[in-house]
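*Asks:* If you scroll down you'll find the structure; I have some questions about it.
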DNA sequence: GTAAAATCTGCAACTTAGTTGCATATTTTA
DNA sequence: TAAAATATGCAACTAAGTTGCAGATTTTAC
């Protein structure tokens, strides 16, 4: 019964007009079973170290993203920008807006977003961060 | 009249029991005038290339963060985790929860957060992403 | 089923972010 | 102003992510 996830992955690849390769199928299946987003390093490790070249994994992910089957989730790790601690509480800071045109990031200190509630059982939420994407006045 | 921001920066450093060094004052002032978070590379560039070693900038930021004067904002760039596109709309995906204990990231597909409204004049918000931090059941 | 066309994959080599150890320079304290 | 405390710069390193290209795999068309 290994079939069902496998077939689903293949069907999705076909629908997206992508070649059904071992690596793509493996990554789609892996992401399908994973409860959260994974990095290239995590994917490589979970598929069995050395199974696939890291370049292949990056390129595979790129094609899956372009096809809309997969998308990037932002994760704190290695995202190191700094700002003053003004107007920031323990639990939440203002949202940050990044313009998809020019790439500039702005603080939206005037907006506040309610904190998430109803975390799954057993999870304790301590902090929330919100990122917005769109166009700034000069790029709109 | 260069004084006011400068004095404020120095006062903050003193209050935090940090040495008032040229680099710290410069970075605090820079972040004070900046409308958004900056990376090490951007800071180096804006302070005049070669003025400070990158190691110094990283260490300065680290001490400012530890003192609570500055904090890290997450920015998409270089945060490359991937997941299936299930349950994700154009405008918003489910929140992601990262455990500060074990570092694992989970998708909270059951929660939804209202989209930000009232963007500053001229900005157009196209997409919103929410990150949560806290403790997972095994680490709580 | 098979050959040609289209597309992937792996390898080597590279770029850039971020870190560590240590000697020297700067700031603070007394 | 000297000694103690702490920051800084440099060199060398690790690890993520990218590019070009040759060889391998998948698909298409017959």
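Protein chains in written order, with this note's numbering: chain A, 606 to 745; chain L, 606 to 745.
We put the CB at the ideal spot given by N, CA and C, even for glycine.
Remember, it's a predicted structure, so these values are computed and weren't measured experimentally.
For residue 617(A), is the classification buried or exposed, using 16 other Cβ atoms within 10 angstroms of its Cβ as the cut-off for buried?
*Replies:* buried
*Asks:* Please name the residues in the stretch 717-731 of chain A whose beta-carbon is closer than 8 Å to at least one beta-carbon of chain L, in chain order.
*Replies:* 718, 719, 721, 722, 723, 724, 725, 726, 727, 728, 729, 730, 731
*Asks:* Step through the CB atoms of chain A and report whether any lies within less than 9 Å of the CB of residue 693(L).
*Replies:* For residue 693(L), the answer is yes, since a Cβ of chain A falls inside 9 Å of its Cβ.
*Asks:* Taking only three categories from DSSP, how would you classify residue 716(A)?
*Replies:* In the structure shown, residue 716(A) adopts coil according to DSSP, grouped into three states.
*Asks:* Considering just the uninterrupted stretch of the alpha helix (DSSP H) at residue 631(A), what are its terminal residues?
*Replies:* 627-638 is the span of the alpha helix (DSSP H), which, as asked, contains residue 631(A).
*Asks:* So which of 706(L), 729(L), 693(L), 725(L) has the shortest CA-CA distance to residue 717(L)?
*Replies:* 693(L)
*Asks:* According to DSSP, simplified to helix, strand and coil, what is residue 736(A)?
*Replies:* strand
*Asks:* Under 7 Å Cβ-Cβ, which residues of chain L neighbour residue 626(A)?
*Replies:* Within 7 Å Cβ-Cβ: nothing; residue 626(A) doesn't reach chain L, min ~17 Å.
*Asks:* In chain L, which residues lie with their C-beta within 7 Å of the C-beta of residue 734(A)?
*Replies:* 679, 736
*Asks:* Under 7 Å Cβ to Cβ from residue 648(A), same chain only, skipping five residues before and after it: list those, please.
*Replies:* 632, 635, 662
*Asks:* Reducing DSSP to helix, strand and coil, say where residue 668(A) ends up.
*Replies:* helix
*Asks:* Just grab the DSSP bridge partners of residue 697(A) for me.
*Replies:* 733(A)
*Asks:* Between 677(A), 733(A), 729(A), which lies nearest to residue 644(A) when the distance is taken from Cα to Cα?
*Replies:* 677(A)
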